RNA sequence: GGAGAGGUGGCCGAGUGGCCGAAGGCAACGGUUUGCUAAACCGUCGUAGGGGCUAAAACCCCUACCGAGGGUUCAAAUCCCUCCCUCUCCGCCA
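Residue numbers (this note's numbering): 359 to 846.
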């Protein structure tokens, strides 16, 4: 298996709107994902100027120039390397060409039909008969119907496949197979040494009486947690503290969105169609529980046209998050690390393309501020191509040190999606320059932070030999001045 | 859950079968006027796909789009059906 991350991604300034402003309610637009339009993928491909413009009309996605698409299918496939391993490229290419052909035929016939109809109108007005034209047009109308039926099928098939193509990694993303190839960027804080071996957070919490997993299992099942007393209050304190910092110090606007969303919303941010098995879906409805606030908050501006001077837009949201955790059997079965329901404060940003990587650094820094103020040691790693999520172009994971496990664990994940989500969700902006075309915004988000895992880190770092746990100073105002958790 | 009203361009809002990509207004942009601002006046002004011409644009031609999907018709924003969404009233409810 060969990994070919895009090695030299020279930017070419090209922007192009590509969709109508309507977005079918249950039929998300076709997006060949990828930020290709903004990058020249430097591969040995002829004429690959990296433009890749699917088109969508109210009928759905429609195809264009086959040679063009073929170039791009190839360019994307090469650039994705192993990330594109399970994408059916041949089928995409074949369907693309078919769509191109059918579109051309349909357009030609519609042109004739239009002219014929005008002719009928003209003759009627002149008081002439038009029966011959009417007969001919009737025939053409039937042929159009046939072709459009085939076209519709082709488009649906193509769209279904194209929505499964992941985003392209940014040029600064290190190549690699899996998490072991992630690149550490920086560390902060000192890893503490404990006189006796530090207890895991669930032992600490259960001894304090603030965590109860037996009851959670009774009322819900495995991978749920019950917080009690000061534990519940600490969770609430963390949420409030994080929101306060992000709104008053970092300039984010607080939102509190629905945690149940529809299929189109899930498709806009990239959870669907590929990852349905990771989501909780409501019975009898095309509704899903959100796995992260990224989903509703990024979709705030779906199908909207923003103005450049509105950007950047920065939102923060506290929501519960729900994940099936399918395929994680046996991992992190104890404690608060991996639950079906957990709390998270999320940061979401919309920017112009030229600012998004600056924004990624900024946003990551905002998440780090929380850890620093809690005095929790952490490191930042850049995910390698093999570990990168489906929709992301670049991701920094922030990992907090967990004393009981003796290693760093993810507590935040901050990503730039470039235009990938904006394309799927049709979020555009009008550049300030006169005569400027509409462009897709860039979207970003990051946890700031995962509340449950922050609780884990606090319990473990602030545990005392007598079984109590000190409350970090910045949280004390949120705890009624309380300085220490003691057995309840 | 019951009854009703409505979804048209960035926004508001006309438009009941052909000359409608769609009047008018607002906003925006360019200009004239102006001490500055404002006002007035003139002009431009939807999006996407394909093709032509280009070094690339501009520009020209074709096609699609009036909530979504389907139907009737030579021809649909306009007529019919289904669905989605919004609003109002009634009932129920945190």
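Ideal placement from N, C-alpha and C gives every residue a C-beta, glycine not left out.
Small disclaimer: the values here were computed from a predicted structure and weren't measured.
Limits of the unbroken beta strand (DSSP E) element including residue i
| i | result |
| --- | --- |
| residue 598 | Residue 598 -> not in any beta strand (DSSP E); alpha helix (DSSP H) instead, spanning 588-606. |
| residue 752 | 752-760 |
| residue 699 | 699-709 |
| residue 816 | Careful: residue 816 lies outside any beta strand (DSSP E), inside the alpha helix (DSSP H) at 809-819. |
| residue 669 | Where residue 669 is concerned, there is no enclosing beta strand (DSSP E), given that its DSSP letter is neither H nor E. |
| residue 612 | 611-613 |
| residue 694 | Element bounds for residue 694: n/a, residue is neither H nor E. |
| residue 647 | 645-647 |
| residue 787 | 786-788 |
Rounded C-alpha distance that separates residue i from residue j
| i | j | result |
| --- | --- | --- |
| residue 505 | residue 632 | 30 Å |
| residue 468 | residue 619 | 39 Å |
| residue 507 | residue 458 | 14 Å |
| residue 501 | residue 463 | 10 Å |
| residue 828 | residue 756 | 23 Å |
| residue 700 | residue 578 | 14 Å |
| residue 424 | residue 798 | No answer about residue 424 holds up, because its pLDDT of 34 lies below 50 and its placement is not dependable. |
| residue 564 | residue 570 | 6 Å |
| residue 842 | residue 816 | 12 Å |
| residue 599 | residue 833 | 7 Å |
| residue 837 | residue 593 | 10 Å |
| residue 724 | residue 537 | 24 Å |
| residue 845 | residue 590 | 14 Å |
| residue 436 | residue 778 | 18 Å |
| residue 509 | residue 629 | 27 Å |
| residue 522 | residue 662 | 24 Å |
| residue 789 | residue 665 | 7 Å |
| residue 656 | residue 471 | 43 Å |
| residue 484 | residue 499 | 24 Å |
| residue 839 | residue 595 | 11 Å |
Beta-carbon proximity check, residue i vs residue j, cutoff 7 Å
| i | j | result |
| --- | --- | --- |
| residue 528 | residue 808 | no |
| residue 714 | residue 800 | yes |
| residue 729 | residue 804 | no |
| residue 782 | residue 626 | yes |
| residue 580 | residue 635 | no |
| residue 583 | residue 697 | yes |
| residue 519 | residue 597 | no |
| residue 737 | residue 545 | yes |
| residue 612 | residue 674 | yes |
| residue 680 | residue 647 | yes |
| residue 773 | residue 743 | no |
| residue 703 | residue 601 | yes |
| residue 709 | residue 654 | no |
| residue 748 | residue 524 | yes |
| residue 732 | residue 830 | yes |
| residue 818 | residue 556 | yes |
| residue 621 | residue 644 | yes |
| residue 603 | residue 677 | no |
| residue 707 | residue 796 | no |
Three-state secondary structure assigned by DSSP to residue i
| i | result |
| --- | --- |
| residue 585 | strand |
| residue 539 | helix |
| residue 493 | helix |
| residue 835 | helix |
| residue 743 | coil |
| residue 657 | helix |
| residue 779 | helix |
| residue 674 | strand |
| residue 443 | coil |
| residue 499 | helix |
| residue 769 | strand |
| residue 512 | helix |
| residue 391 | Its pLDDT being 37, under 50, residue 391 is placed unreliably in this model, and the value from its coordinates should be taken loosely. The answer is coil: DSSP assigns residue 391 none of H, G, I, E or B. |
| residue 641 | coil |
Exposed unless 16 or more other CB atoms sit within 10 angstroms - verdict on residue i
| i | result |
| --- | --- |
| residue 739 | buried |
| residue 487 | exposed |
| residue 762 | buried |
| residue 821 | buried |
| residue 811 | buried |
| residue 668 | exposed |
| residue 408 | For residue 408, the predicted model reports a pLDDT of 26, less than 50, meaning its position is unreliable; a value from the coordinates is still stated below. It counts as buried. |
| residue 686 | exposed |
Extent of the continuous alpha helix (DSSP H) to which residue i belongs
| i | result |
| --- | --- |
| residue 357 | The structure shown does not extend to residue 357, since the chain is modelled only from 359 through 846, so no value can be given for it. |
| residue 717 | 714-731 |
| residue 566 | 559-566 |
| residue 665 | Unbroken run through residue 665 is the beta strand (DSSP E), 663-665; no alpha helix (DSSP H). |
| residue 571 | 571-577 |
| residue 621 | 621-627 |
heavy atom of the ligand FAD below 6 Å from residue i C-beta
| i | result |
| --- | --- |
| residue 517 | This structure does not include the ligand FAD; it has no bound ligands of any sort. |
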